[in-house]
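*Asks:* Here you go, one structure.
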Amino acid sequence: MFEKVNGKVVKVNVGMAGGVVARNGAMLFYTGDISFAPHQIPGAQSMGGGGGLMRMAGRMMAGEHERTMLAQGNGEVHYGLAGLEVHVVQMQPGATLRVEASRLLANSANLQSSIVSVMSSGGGGGGGGIMGALRGAASGALTGQGMFTTQLTGQGSAVLLAHGGFLELQVGGPNPIVVDPQAFVAAYGNVQTELKTALSWRDAVGRGSGEAMQLHCVGQGVVYVQASEEKL
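Residues 12 to 243, numbered by our numbering, are exactly what the sequence shown covers, in order.
Here it is as structure tokens:
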């Protein structure tokens with residue numbers, strides 16, 4: 012669906028894609044009869060009601076996820092953002108793509124989109140749900156990785172962003188792939204991730220470095236890493 016024009020720009024036939032969701036400001040130009048409307052990621056405000064913890068998680072979730080626009084109609088749109096490198100992931104049924112919100116440029120609208128906590132994406136260390144998400148706050152603050160991650164499933168395609176280019180790391184051997192969370196872009200396939208402390212809490216706070224935490228990736232699939240620790 013998405014086609015790379017060069018290393019920093021993609022184009023897509025919106026009609027054939029069945030609609031496209033992209034970050035605000037990512038549209039470079041288009042041809043044809045295309046309409047654009049604000050789009051809400053499912054779940055981004057689902058925790059806005061209820062008790063204090065629910066409202067807190069809802070505010071953090073909404074704050075970490077980029078505003079998006081839905082493009083519909085018949086025509087072709089070119090997307091890019093800030094001269095960052097782009098990579099197209101072709102989604103297959105049964106596979107999951109978990110990507111940092113700031114590193115997702117666009118995706119076909121027919122993909123099922125939701126928001127999950129960083130700590131619930133691996134099944135270990137922190138647990139899922141609201142409490143798991145809140146327990147991930149300290150880790151997210153130390154590593155520079157957000158508390159919440161966009162999860163995409165279904166058949167379609169998505170476009171990732173990276174500073175300095177992409178590395179594709181195959182996951183599936185006997186040992187985990189260990190990634191600096193600040194360089195992590197996305198995980199595709201059946202990949203479980205878990206944040207682990209590499210240094211003591213006191214050392215980690217004192218240094219303020221991503222190396223204080225490590226992201227362990229196991230399962231079967233691909234982990235995408237950018238060739239930089241710069242936040243997007």
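Just so you know, even glycine gets a beta-carbon here, dropped at the ideal spot from N, CA and C. Here the structure is a predicted model, which is why all the values come from computation and not from measurement.
Closest to L180 by CA distance: which of V88, V236, G167 is it?
*Replies:* If we check each option's Cα against that of L180, V236 comes out closest.
*Asks:* Tell me, to the nearest whole angstrom, how far the beta carbon of E96 is from that of G18; I am working on the premise that it is less than 8 Å.
*Replies:* 6 Å
*Asks:* Scan the region 74-131 and note each continuous beta strand (DSSP E) run of 3 residues or more that stays entirely inside, going in chain order.
*Replies:* 79-90, 96-102, 107-111, 115-119, 123-128
*Asks:* Since A197 contacts R78 with CB under 8 Å, what's their CB separation in whole angstroms?
*Replies:* About 20 Å; that fails the 8 Å criterion.
*Asks:* Where P49 and P104 are concerned, what is the direct C-alpha to C-alpha distance, given to the nearest angstrom?
*Replies:* 27 Å
*Asks:* In terms of residues, what are the limits of the alpha helix (DSSP H) holding M27?
*Replies:* 25-28
*Asks:* According to DSSP, is I141 part of a helix, a strand, or is it coil?
*Replies:* Here I141 scores only 42 on pLDDT, less than 50, and its place in the model should not be relied on; the value that follows carries that caveat. In the structure shown, I141 sits in a helix (DSSP, three-state: H, G or I).
*Asks:* Where N24 and F13 are concerned, what is the direct C-alpha to C-alpha distance, given to the nearest angstrom?
*Replies:* 8 Å
*Asks:* When DSSP labels each residue in this structure, what does H174 get in the three-state scheme?
*Replies:* coil
*Asks:* Where does G232 land, buried or exposed, given buried means 16+ other C-beta within 10 angstroms?
*Replies:* buried
*Asks:* Cβ atoms of V88 and M38: under 8 Å apart, would you say?
*Replies:* yes
*Asks:* Could you have a look at M71 and say whether DSSP puts it in helix, strand or coil?
*Replies:* Caution applies to M71, whose pLDDT of 44 falls short of 50 and renders its modelled position unreliable; the value that the coordinates give is listed next. In this structure, M71 counts as helix in the three-state DSSP scheme.
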